[in-house]
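Numbering (this note's numbering), first residue to last: 344 to 742. The C-beta atom is built at its ideal place from N, Cα and C for all residues, glycine as well. Predicted model, so just to flag it, every value in this text is computed and none were measured. Scroll down for the structure; my scribbles are underneath it.
This is the structure in structure tokens:
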């Protein structure tokens, strides 16, 4: 959002106060009178788009964002906002194109890589070397590293994959690269580069191209053996649980919960294992009444452990966080809890996702309504727990 609207002192501050308190209907009512004539400062139109988006009125949001971009094509934050709306609506072609403006935001310009080589544009570059580098969170890396295999086929290049150190060992076992390095190390000589999340734009990724070969990540067999032994004897079904994401995430308040809110999932016959990391992991020491929960959090050293655990348990239930993408990339069953207005990658109005065939989405019916999500999952878990207990390892359907 831009600064205060010209000639309307105080409106910007009032709007921020209302949206910070999640009072989006009131925020809409604040700015509507100033735009009743159909015209007004772009700053007010951007405020209105923000208020509408949080109410789930995405088509109306898109129309306003299109108008703002048409009148101010140099407003790169507005173009990025439009990109996320387009992607949420499944309009990939233009959405990926506008998404390139993500590095024109105030909080991202400092992390943009200044690479002194041309950015790959999707054309064949046989005989050349292409550096693909990750750029954002762990979940983004897990989600988009699948594209390297297809990029290698399209480009004909020698592909160097650069990822964060935490996902490096998992990426080593993946196809689609000729060399792999950790972020921060000096790469071999290369001719072209591309950010991992710019690959969809370069290759013209469409929903029909997804999910691609699955699974594209695999666990370490030795870690799997360790965790299978660690968990043997626990009654099945075994359900891994993650209830909070990274606290510093810009949208964390909209996605993270407390473990107490999972009390409805205390279904008889289901054994939970906590793979929660971070400040929220201590909540596992006091699970809701009736929930059988074993905390593994302190034993998990890295994503290799998480991947192995996900390969042993029957299901992951999680808020929108990196283990969701890791489970999906491994082809493991996962139920994702989504807020009323989800992140763009989950699209709208569907219980499945083109990104991960083994993933099922449980969406809020209204803003802040986690109760309906819990109720829906509890009903499904009752059926799972009532299934034939003689099977040693149960694989929960994503459908």
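Residue burial classification, residue 389 (beta-carbon count within 10 angstroms, cutoff 16)
buried
Following the continuous alpha helix (DSSP H) through residue 481, name the residue where it begins and the one where it ends.
481 to 487
Own chain partners of residue 293 with C-beta closer than 6 Å, once the 5 adjacent residues on each side are dropped
It is not possible to answer for residue 293, since the shown part of the chain is limited to 344 through 742.
Name, in chain order, the residues that DSSP records as bridge partners for residue 474.
503, 536
Could you check how far apart the C-beta atoms of residue 625 and residue 533 are, in whole angstroms? I think they sit under 8 Å.
Not a contact, Cβ separation roughly 44 Å.
Pair within 8 Å by beta-carbon distance, residue 362 and residue 386:
no
Just the Cα atoms here: how many angstroms apart are residue 607 and residue 561?
32 Å
What do you get for residue 743, buried or exposed, if any count of 16 or more other CB atoms within 10 angstroms of its CB means buried?
This structure leaves residue 743 out entirely; the chain is present only between 344 and 742.
Quick one: using the 10 Å Cβ neighbour count with 16 as the cut-off for buried, is residue 358 buried or exposed?
buried
Would you identify the three-state DSSP class for residue 724, choosing helix, strand or coil?
helix
Using the Cα positions of residue 503 and residue 523, report the straight-line distance between them to the nearest angstrom.
6 Å
Would you tell me roughly how many angstroms separate the C-alpha atoms of residue 350 and residue 382, rounded to the nearest one?
The predicted position of residue 350 is uncertain, since its pLDDT is 47 and thus under 50; no value can be drawn from it.
Have a look at residue 661 and residue 578 and give me their C-alpha separation to the nearest angstrom.
20 Å
Taking its Cβ as the centre, do 16 or more other Cβ atoms sit within 10 Å of residue 729, making it buried, or is it exposed?
exposed
Tell me which residue opens and which closes the beta strand (DSSP E) that residue 661 is part of.
658 to 662
Bridge-paired residues (DSSP) for residue 616:
583, 637
Please say whether residue 475 and residue 542 have beta carbons closer to each other than 8 Å?
yes
Give me the DSSP bridge partner(s) of residue 702.
677
How about residue 378: is its C-beta nearer than 8 Å to some C-beta of chain C?
The structure shown has no chain C; it contains just one protein chain.
Skipping 5 residues on each side, what residues in its chain have a beta carbon closer than 6 Å to that of residue 771?
The chain is shown only over 344 to 742; residue 771 falls outside these bounds and no answer can be derived.
Using 8 Å as the threshold, is the segment 424 to 437 in touch with the segment 688 to 707, meaning 3 or more CB pairs across them?
yes
What distance in whole Å lies between the Cβ atoms of residue 482 and residue 664, which are believed to be in contact at a cut-off of 8 Å?
7 Å
What residues are listed by DSSP as bridge partners for residue 462?
536
Would residue 574 and residue 581 qualify as a contact pair, given that the criterion is a beta-carbon distance under 8 Å?
yes
Among 520, 589, 427, which has the Cα closest to the Cα of residue 500?
520
With DSSP run on the structure shown, which of helix, strand or coil describes residue 289?
In the structure as shown, the chain begins at 344 and stops at 742. Residue 289 is therefore absent and cannot be evaluated.
Run of the beta strand (DSSP E) containing residue 312, from where it starts to where it stops
Since the first residue shown for the chain is 344 and the last is 742, residue 312 is missing from the structure and cannot be characterised.
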